[in-house]
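J.: If you count the sequence shown from 1, position 300 lands on 300 in the UniProt record's numbering, and the numbers rise without skipping.
Quick reminder that beta carbons are idealized off the backbone N, C-alpha and C, glycines included.
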Amino acid sequence: MADEVRGVIAPGKNEPVRVETIVIPDPGPGEAVVRVLTCGVCHTDLHYKQGGITDEFPFLLGHEAAGTVESVGEGVTEVAPGDFVVLNWRAVCGRCRACLRGRPQYCFSTHNAGQRMTLTDGTELTPALGIGAFAEKTLVAAGQCTKVDPEVSPAAAGLLGCGVMAGIGASINTGGVGRGDSVAVIGCGGVGGAAVMGARLAGAARIIAVDIDPRKLETATRLGATHTVDASGTDPVEAIRELTGGFGADVVIEAVGRPETYRQAFYARDLAGTVVLVGVPTPEMRIELPLLDVFGRGGALKSSWYGDCLPSRDFPMLVDLFRQGRLDLDAFVTETVGLGDVEAAFDRMHAGDVLRSVVVL
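1) Note down the Cα distance separating Thr-228 from Gly-40, rounded to an integer number of angstroms.
2) Output the distance between the C-alpha atoms of Leu-223 and Ala-157, rounded to the nearest integer angstrom.
3) If you drop the 5 nearest sequence neighbours on each side, which residues of the same chain put their C-beta closer than 8 angstroms to that of Arg-286?
4) Measure from the alpha carbon of Ile-24 to the alpha carbon of each residue in Tyr-106, Asp-83, His-47, Glu-124, then state which is nearest.
5) List in chain order: all unbroken alpha helix (DSSP H) runs of 4+ residues lying wholly within the segment 246-326.
6) Could you tell me the distance, in whole angstroms, from the CA atom of Ile-172 to the CA atom of Val-278?
7) Less than 7 angstroms between C-beta atoms, sequence neighbours within five positions excluded: which residues of the same chain meet that for Pro-150?
8) Can you give, in chain order, each stretch of the beta strand (DSSP E) that sits fully within the segment 142-225 and has at least 3 residues?
9) With a threshold of 8 angstroms on Cβ separation, who are the neighbours of Gly-82 within its own chain once the five nearest residues in sequence on each side are excluded?
10) Bridge partners of Thr-68, per DSSP?
11) Give me the Cα-Cα distance between Val-275 and Ser-357, rounded to the nearest whole angstrom.
12) Name the one or two DSSP bridge partners that Ile-53 has.
13) Is it buried or exposed, Thr-110, if we count other Cβ atoms within 10 angstroms and call 16 or more buried?
14) If you reduce the DSSP assignment to three classes, tell me which class residue 380 lands in.
15) Please name the residue or residues paired with Ala-135 in a DSSP beta bridge.
16) Where do the N-terminal and C-terminal ends of the beta strand (DSSP E) with Arg-18 fall, by residue?
17) Nearest-angstrom Cα distance between Tyr-262 and Leu-289?
18) If you scan the segment 82-116 from start to end, which runs of the beta strand (DSSP E) of 3 or more residues do you find wholly inside it?
19) What does DSSP give as the partner residue(s) for Gly-40 in the beta ladder?
20) Evaluate Pro-236 with the Cβ neighbour count: other Cβ atoms within 10 Å of its Cβ, from every protein chain shown; 16 or more gives buried, anything less gives exposed.
21) In angstroms, rounded to a whole number, what distance separates the CA positions of Asp-347 and Asp-3?
22) Which one or two residues does DSSP pair with Thr-126 in a beta bridge?
23) For Val-342, does the three-state DSSP call read helix, strand or coil?
24) Since Leu-87 and Ile-131 should fall inside the 8 angstroms C-beta cutoff, what is the C-beta to C-beta distance between them, to a whole number of angstroms?
25) DSSP three-state call for Val-237: helix, strand or coil?
26) If we ignore side chains and look at the alpha-carbon of each, how far apart do Ala-128 and Cys-145 end up?
27) With DSSP as the reference, identify every bridge partner of Val-337, one or two as the case may be.
28) Report yes if the CB atom of Tyr-48 is closer than 8 angstroms to the CB atom of Ala-10, and no otherwise.
29) Whose C-alpha, out of Pro-283, Phe-266, Lys-216, is nearest the C-alpha of residue 423?
30) Taking Cβ positions, are Phe-322 and Gly-193 nearer each other than 8 angstroms?
31) How many whole angstroms separate the CB atoms of Gly-273 and Asp-293, which I take to be in contact at a CB cut-off of 8 angstroms?
32) Measuring straight from C-alpha to C-alpha, what distance separates Cys-96 and Asn-112?
So this is what it looks like as C-alpha cells:
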C-alpha cells in the first residue's frame with residue numbers, strides 16, 4: 001500500500017524549496033523503499049533547484065543519504081528489510097560493455113527505480129540523481145542501496161553517497177595519487193576537502209590547498225593539506241609551481257567546475273602530470289586552450305564522475321577506515337538541520353559558511 005511522507009521539493013527554477021506530502025509506492029521488482037535517517041545538503045541539489053541539471057521540475061531533492069531498508073520488491077536479494085545502507089547513484093547494470101570488460105565503475109547503464117514518486121495530486125516527481133532523499137522515505141532501485149557497518153553514525157556514512165566519495169575518489173581512483181606525489185586541490189569545499197583527505201590517505205608528500213576563502217583553507221589544513229594558497233591575492237599557478245620546485249604538481253584536482261579554475265589546474269601541473277576535473281560545470285560553460293599546450297605538456301586530462309567509484313567496493317572500505325580512526329568523516333558535518341531548514345542551508349552553503357549541513361530525520 002502506498003505510503004505518504006514529508007519531503008522537500010523544488011517546484012520550479014530558482015523557486016524556494018518547500019516541504020510537501022510525497023506518495024511512496026510499494027516497491028516493485030528490483031526496487032526498495034528506504035527509511036531515510038540522514039541526508040547531506042550538496043551543491044548538486046542546488047544545481048537542480050537552479051535548473052542547471054535538467055528542467056524536469058518538480059524535483060524531489062536530496063541524494064547524499066543513509067537509512068534502513070524498510071521493504072523490497074520481487075527478486076531483490078542484495079538487501080533485506082532492516083539493512084543499514086548508504087544510497088548511491090551508480091547502480092551498475094552488469095551487462096553493458098563497461099561492466100562486461102570488468103570496469104563496472106564506468107557503467108553506461110546505471111539504473112533507478114522504475115516507478116515514480118508523486119505529490120498527492122498525482123504530479124510525478126523527478127528524484128535528484130535518481131534518489132530523492134530529502135524525505136522520510138524514498139523509493140530506489142535495490143542496487144542503489146549499499147550495505148555498510150551499522151555501527152557507523154548515519155550522518156557520517158551518508159556523506160559517502162556523493163561529495164566525500166567524489167573527492168576521495170578523484171584523488172585515489174581517477175587521479176591515481178601515489179606515495180610521495182605532489183597534489184594541488186583547487187577549491188576546498190566539501191568535495192575539495194575530501195580530495196585533500198584522499199591525497200593524504202594515498203600517501204602524497206605535498207598537498208597544496210587552493211581557495212579564496214581563508215576558512216576553507218583552515219579546514220583543508222585540518223583535513224591533511226601541507227600547504228595553502230589564498231588565490232584571492234596570489235596567482236595560484238605560480239604559487240603551486242614555487243611549492244613544487246618550479247615544476248608544478250603531479251596531480252591537480254579542480255573541484256570548482258569553472259573555466260578559469262580549470263585553466264589554472266592545467267597550467268599548475270608538472271609535465272606529464274594529471275588534471276582531474278571533479279567540480280561540476282553548468283551547461284553554458286566553455287573553455288579554450290592552445291592545442292599546442294595540450295600536446296606539449298603531455299600527461300592526462302581526466303574527468304571524475306562520482307570519483308570513479310564502485311559503491312559496493314568503496315563505501316564499506318571507507319567506513320572501515322572511519323571506524324579505524326583513519327578517515328574523519330565527522331569533520332565534514334558542520335551542522336545538523338531539519339527538513340524545513342533546507343532553503344536556509346542552501347544559503348549558508350552558497351556563502352561558504354558550512355562544509356556540510358546534514359538533514360536529520
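T.: Reading from the atomic positions:
1) Reading the sequence shown from its first residue, position 228 is the one you call residue 228. Reading the sequence shown from its first residue, position 40 is the one you call residue 40. Using only the alpha carbons, I get a separation of about 26 angstroms.
2) Here residue 223 is taken as the residue at index 223 of the sequence shown, counted from 1. Here residue 157 is taken as the residue at index 157 of the sequence shown, counted from 1. Cα to Cα, Leu-223 sits roughly 17 angstroms from Ala-157.
3) For the purposes of this step, residue 286 is taken as residue 286 along the sequence shown, with counting starting at 1. The residues are Pro-259.
4) Start at 1 with the first residue of the sequence shown, and residue 24 comes out as number 24. Cα-wise, what sits closest to Ile-24 is Glu-124.
5) 259-267, 291-297, 311-323
6) Counted from its first residue, the sequence shown places residue 172 at position 172. Counted from its first residue, the sequence shown places residue 278 at position 278. If you take the alpha carbons of Ile-172 and Val-278, they lie about 12 angstroms apart.
7) What you label residue 150 is simply residue 150 of the sequence shown in a count that begins at 1. Phe-84, listed in sequence order.
8) 145-147, 182-186, 206-211
9) Locating residue 82 in the sequence shown gives position 82, where the first residue counts as 1. Here the set comprises Thr-68, Val-69.
10) Here residue 68 refers to the residue found at position 68 when the sequence shown is read from its first residue. Looking at the DSSP assignment, Thr-68 forms a beta bridge with Arg-35, Phe-84.
11) Mapped onto the sequence shown, residue 275 falls at position 275. Mapped onto the sequence shown, residue 357 falls at position 357. If I take the Cα positions, the gap works out to 29 angstroms.
12) What you label residue 53 is simply residue 53 of the sequence shown in a count that begins at 1. Paired residues: none, contrary to the question.
13) The count along the sequence shown starts at 1 and reaches residue 110 at position 110. That one is buried.
14) This structure cannot settle anything about residue 380, because the visible part of the chain is limited to 1 through 361.
15) The sequence position of residue 135 within the sequence shown is 135, counting from 1. Its beta-bridge partners are Gly-7.
16) If you number the sequence shown from 1, residue 18 lands on position 18. Start and end: 18-24.
17) Here residue 262 corresponds to residue number 262 of the sequence shown, with the count starting at 1. Here residue 289 corresponds to residue number 289 of the sequence shown, with the count starting at 1. Straight-line Cα distance between these residues: approximately 10 angstroms.
18) 84-87
19) Here residue 40 is taken as the residue at index 40 of the sequence shown, counted from 1. Paired residue(s): Glu-64, Val-358.
20) Within the sequence shown, the letter at position 236 stands for residue 236. Answer is buried; the Cβ neighbour count reaches 16.
21) Your numbering for residue 347 matches position 347 in the sequence shown. Your numbering for residue 3 matches position 3 in the sequence shown. Asp-347 and Asp-3: Cα-Cα distance of roughly 31 angstroms.
22) Counted from its first residue, the sequence shown places residue 126 at position 126. Paired residues: Phe-59.
23) Translated into positions along the sequence shown, residue 342 becomes position 342. If DSSP states are grouped into helix, strand and coil, Val-342 belongs with the helices.
24) Here residue 87 is taken as the residue at index 87 of the sequence shown, counted from 1. Here residue 131 is taken as the residue at index 131 of the sequence shown, counted from 1. Right, the Cβ-Cβ distance comes to about 5 angstroms (below 8 angstroms), so this counts as a contact.
25) Taking the first residue of the sequence shown as 1, we reach residue 237 at position 237. Helix, per DSSP.
26) Along the sequence shown, read from residue 1 onward, the residue named residue 128 stands at position 128. Along the sequence shown, read from residue 1 onward, the residue named residue 145 stands at position 145. Each residue's alpha carbon lies about 15 angstroms from the other.
27) The residue labelled residue 337 in the question sits at position 337 within the sequence shown. Partner(s): Val-359.
28) Position 48 of the sequence shown, counted from the start, is the residue given in the question as residue 48. Position 10 of the sequence shown, counted from the start, is the residue given in the question as residue 10. Yes, the Cβ-Cβ distance between Tyr-48 and Ala-10 is below 8 angstroms.
29) What the structure shows of the chain is the stretch from 1 to 361, and residue 423 is not part of that stretch, so it cannot be assessed.
30) Start at 1 with the first residue of the sequence shown, and residue 322 comes out as number 322. Start at 1 with the first residue of the sequence shown, and residue 193 comes out as number 193. No. Outside cutoff.
31) Sequence index remark: in the sequence shown, residue 273 carries index 273 (1-based). Sequence index remark: in the sequence shown, residue 293 carries index 293 (1-based). Not confirmed; about 13 angstroms, so no contact.
32) Your numbering for residue 96 matches position 96 in the sequence shown. Your numbering for residue 112 matches position 112 in the sequence shown. Going from the Cα of Cys-96 to the Cα of Asn-112 covers about 15 angstroms.
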